[in-house]
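Residue numbers (our numbering): 224 to 558.
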């Protein structure tokens, strides 16, 4: 016998199912991230620890709204990346050093996500348009739990065990990228940037896009082997081989034209191969100084650095794009 659900004999307001064994011990304060049209009878909540000393980073699965949140610890099982597969969604990662802590969480009514700036994490959410920016939580440096609803439609509700904070700092403002957004009709790009000064190791993150293995990001390490920053979309379950800076003066990115339109990084190298004519392929050199900018979505990217840029983004005709999307569905082509 499998118990699937419990119901009450009398009608009541929405029930909340809490994760076990982490039962809430205090009055819960809820924050709506966006308006949801349905009124579910049951809201299932999960939780993650915030500012636990063991945490080395946080990841957010994002597709115009949050799909899931994960706090990373050393030696963890990375199968959670497969728990909510979505071709359009991306993973955004924020490494956390030993002396860093999440000190503020803000809710903002824009379709964007900005991460660790001066040890402050700003979560900018696709939220209610008539709600101004306000502080959702000030966790402090001690370990606390942040609750969120689990649903295939995404995260629309957060729960905190603390009263509403009183903001005593300036509201966050989004930086203005030096380069222009490559946004096309109905496509919204994610923006990342990071300083290359002091970087000693570069680790690409690999992923399959339309059947082709590409590098979707660069994880940057300092002289203490710490992952200090990144550009692009980071997945810790698919990191490639680290590339030592050594005597090289730059890292080379080779761009490949994709069937779904646009270009992705097909290869990352610390030197341009001697047997390849640089003029016959699309390569972009990133000197180890300055701040590269990496715009991306699920199927293509564009990189800017020191006045140079990778090939421009492009759009695929709707009919062709739909066929290519169908090819990405699990089981496509199975007999």
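Ideal Cβ positions, reconstructed from N, Cα and C, are used throughout, including at glycine.
None of these values were measured; they are calculated from a predicted model.
Residue i vs residue j beta-carbon contact at 8 Å
i, j, result
"residue 380", "residue 426", "no"
"residue 293", "residue 282", "yes"
"residue 440", "residue 486", "no"
"residue 530", "residue 419", "no"
"residue 453", "residue 316", "yes"
"residue 563", "residue 515", "What is shown of the chain runs 224 to 558, which leaves residue 563 out entirely."
"residue 330", "residue 437", "no"
"residue 474", "residue 509", "yes"
"residue 445", "residue 469", "no"
"residue 491", "residue 413", "no"
"residue 415", "residue 506", "no"
"residue 511", "residue 456", "no"
"residue 270", "residue 369", "yes"
Cutoff 8 Å; reference residue i; Cβ partners in own chain excluding five residues on either side
i, result
"residue 467", "423, 424 and 493"
"residue 278", "272, 294, 295, 296 and 319"
"residue 410", "520 and 538"
"residue 557", "Below a pLDDT of 50, predicted positions are generally treated as unreliable, and residue 557, at 43, falls in that range; no measurement from the model is reported."
"residue 465", "424, 425, 426 and 444"
"residue 401", "516 and 527"
Other residues of its chain near residue i: CB distance less than 7 Å, five sequence neighbours each side excluded
i, result
"residue 387", "252"
"residue 311", "286 and 521"
"residue 325", "273, 274, 344 and 362"
Local Cβ density within 10 Å of residue i, reported as buried at 16 or more and exposed below that
i, result
"residue 306", "exposed"
"residue 389", "exposed"
"residue 458", "buried"
"residue 431", "exposed"
"residue 434", "exposed"
"residue 372", "buried"
"residue 280", "buried"
"residue 257", "buried"
"residue 341", "Because the pLDDT of residue 341 is 39, which lies under 50, any placement of that residue in the model is unreliable, and the question is left without a value."
"residue 184", "As displayed, the chain neither begins before 224 nor continues past 558, which places residue 184 out of reach and without an answer."
"residue 354", "The predicted model places residue 354 with a pLDDT of 41, which falls under 50 and marks its position as unreliable; any figure quoted below should be read in that light. It counts as exposed."
Cβ neighbours of residue i in the same chain (closer than 6 Å, five flanking residues each side left out)
i, result
"residue 238", "265"
"residue 291", "284 and 307"
"residue 536", "405, 485, 523 and 525"
"residue 383", "252 and 360"
"residue 528", "509 and 515"
"residue 460", "301 and 304"
"residue 448", "none"
"residue 450", "318, 442 and 444"
Check your understanding: Does the region 510-524 come close enough to the region 476-485 that 3 or more CB-CB pairs lie under 8 Å?
Key -> The region 476-485 and the region 510-524 touch, with no fewer than 3 CB-CB distances between them shorter than 8 Å.
Review point. For the 8 Å Cβ check, are there 3 or more pairs between the region 273-280 and the region 363-381?
Key: Yes, they touch.
Practice item. Within the region 411-435, note down every full beta strand (DSSP E) run reaching 3 residues or more, in order along the chain. Key: DSSP runs (the beta strand (DSSP E)) wholly in the region 411-435: 413-416 and 424-432.
Review point. What runs of the beta strand (DSSP E), each 3 residues or longer, lie entirely inside the region 247-311?
Key: With a minimum length of 3 residues, the continuous beta strand (DSSP E) runs that stay inside the region 247-311 are 252-255, 265-273, 280-285 and 289-295.
Review point. Which ranges would you report for the beta strand (DSSP E) in the region 441-471 if only whole runs of at least 3 residues count?
Key: Note on the region 441-471: whole beta strand (DSSP E) runs with a minimum of 3 residues are 450-455, in chain order.
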